[in-house]
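**Q** Please read through the structure below; I'll follow up with questions.
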């Protein structure tokens, strides 16, 4: 069953054209007491993070508008214990920026809806590749992310 798209979201889809997706910052770390090459995979739980941080509209020149949407993604490997506090053994996090040319001015409400419902689809392939390469470099257990995975 198809989900109905709001007028604001459809307007944003029509007026925003993807220009670029790039990495703003990243962090990756294994804790000192953690050796990923000698840890049993069933001892670790992989948790994921996804958040749209903000959006901003920039005037590039007198007649060109650019929308930047900041998205934070992450994965962490947590030791399975009975403790209430997570025992984080390793993590990979990245902040991406998705840039869109705005062909006509949009209300902030439409940009916000687009940011939360569409922009992550453009960033996701870059995150999948980044996470995969970081896992390989850190010798972390391989994580295969689905093509798209977002909470409603």
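Numbering (the working numbering), first residue to last: 1 to 152.
Heads up, the beta-carbon is just placed ideally off N, CA and C, and yes, glycines get one too.
(1) Taking DSSP as the reference, what is the three-state secondary structure of residue 121?
(2) Mapping DSSP to helix, strand and coil, what is residue 93?
(3) Using the three-state DSSP reduction, which class does residue 37 fall into: helix, strand or coil?
(4) How long is the line joining the alpha carbons of residue 129 and residue 53, rounded to whole angstroms?
(5) Evaluate residue 114 with the Cβ neighbour count: other Cβ atoms within 10 Å of its Cβ, from every protein chain shown; 16 or more gives buried, anything less gives exposed.
(6) Going by C-alpha distance, which of 69, 86, 70, 71 is nearest residue 77?
(7) Output yes or no for whether 9 Å exceeds the beta carbon distance between residue 8 and residue 110.
(8) Using the three-state DSSP reduction, which class does residue 107 fall into: helix, strand or coil?
**A** Straight from the coordinates:
(1) Working through the chain shown from its first residue, we reach residue 121 at position 121. Reduced to three states, the DSSP call for residue 121 is helix.
(2) To locate residue 93, count along the chain shown from 1; it is residue 93. Looking at residue 93 - three-state DSSP - the assignment turns out to be strand.
(3) Stepping through the chain shown from its first residue, residue 37 is reached at position 37. Coil.
(4) Residue numbering aside, residue 129 sits at position 129 when the chain shown is read from its first letter. Residue numbering aside, residue 53 sits at position 53 when the chain shown is read from its first letter. Residue 129 and residue 53: Cα-Cα distance of roughly 21 Å.
(5) On the chain shown, residue 114 is found 114 positions in, with the first residue counted as 1. When all chains shown are included, residue 114 counts as buried.
(6) Locating residue 77 in the chain shown gives position 77, counting from the first residue. When each option's Cα is compared against that of residue 77, the closest is 86.
(7) Within the chain shown, numbered from 1, the residue matching residue 8 stands at position 8. Within the chain shown, numbered from 1, the residue matching residue 110 stands at position 110. Yes, Cβ-Cβ distance for residue 8 and residue 110 is below 9 Å.
(8) For the purposes of this step, residue 107 is identified with residue 107 of the chain shown, where counting begins at 1. It is coil, neither helix nor strand.
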